[in-house]
Amino acid sequence: MTGRVAAACPADVIAGPLAQPALPCRQRRSAASCAPKHGRPDDCREEPPMAKAKIRHIALATNDPIKTANFYKEAFGFQEVGRTGDPHSPEGIAWGVFLSDGTLNLAVLKFKNIDQLGKGLDYVGLHHFGVLVDDLDTTMAKLEGLGAACFMKQEPEAKASFYETKFRAPDGVVLDVSEHPWIGAAPAGLAEVALPKVKEPAE
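Numbering (this note's numbering), first residue to last: 105 to 307.
If you want it as structure tokens, here you go:
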């Protein structure tokens, strides 16, 4: 995501003997507009398309992450790619299991300490989703401009590690944004990734 907005297209079709779908604005340029200006032949270069954000993370809230994760592994063959948090520690936001289908990270979590949804820490069900973006700063500014409130963001010293920035959309839905793929999630340019074999810890 570059933050640049293309000029509005004046029409949806190109006039001619047979109407056809219009090209994107960046490609709809006349020969005159592509003529070199001031001796610079590179004025006709196309701007690179903006990267499309991708949903790469879904979080489920459950009271028993191990049991719930095992259900989805047995039912759909999802692969465990990691675990997070300590079920025996009172600290932290959540603990649980990360699963993947090769494209999307499914976090099966028991939340603690912070009630992000306002439904209580015993809430069970879909909790939030996460979007992989190309430019975090631009995305944050856009979300805030649309009325979403940021309630958890990356500290400067955490820049070198994975971190997701949390927003509450105007309708109350919680969403994460990150410049880096979640564990087991495919980068924006790939449909699927090969998952490493992870030795599952003893229960």
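C-beta atoms are modelled at their ideal positions from N, C-alpha and C, and glycine is treated no differently. Because the structure is a prediction, the values reported are computed rather than measured.
What does a CB cutoff of less than 6 angstroms around residue i pick up in its chain, not counting 5 residues either side in sequence?
i	result
L230	none
F266	H284
Near residue i, which residues of its chain fall below 7 angstroms by C-beta distance, leaving aside the five closest residues on each side in sequence?
i	result
L225	F215, K216, D219
Y227	A165, L221
L247	F271
W286	R160, H161, N209, G234
Whole angstroms is fine: what's the gap from residue i's alpha carbon to residue j's?
i	j	result
F233	R272	11 angstroms
R130	E184	A caution first: R130 carries a pLDDT of 33, below 50, which makes its placement in the model unreliable, though a value can still be read off. R130 and E184: Cα-Cα distance of roughly 43 angstroms.
P274	A173	31 angstroms
L283	I170	Per the sequence shown, residue 283 should be read as Glu rather than Leu. Whole-angstrom Cα-Cα distance: 28 angstroms.
I162	K177	15 angstroms
D168	F175	11 angstroms
A245	G288	27 angstroms
T242	G196	29 angstroms
K223	P194	20 angstroms
A198	E296	27 angstroms
H192	L294	37 angstroms
G251	K257	16 angstroms
G186	A253	29 angstroms
G181	G249	40 angstroms
A179	G276	31 angstroms
Tell me, please, which residues DSSP counts as bridged to residue i.
i	result
L230	L164
G251	Paired residue(s): none; G251 is not in a bridge.
K214	W199
L279	F233, F271
N209	H161, S204
E314	For residue 314 there is no data in the structure shown, the boundaries of the chain being 105 and 307.
Closest to residue i by C-alpha separation, out of the options, would be which residue?
i	options	result
A155	L240, F175, G249, T269	L240
L299	G189, G249, F202, F266	F202
F255	V235, T242, V278, A245	V278
E259	A252, L250, A253, T269	T269
A290	S204, L247, H192	S204
Verify whether the separation of the beta carbon atoms of residue i and residue j is less than 8 angstroms.
i	j	result
P212	V281	Here residue 212 turns out to be Val, not Pro, going by the sequence shown. Going by C-beta atoms, V212 is not nearer than 8 angstroms to V281.
G206	T188	no
A157	V235	yes
R160	L208	yes
CB-CB under 8 angstroms to residue i, same chain, minus the five flanking residues each way: which ones, in chain order?
i	result
D190	G196, W199
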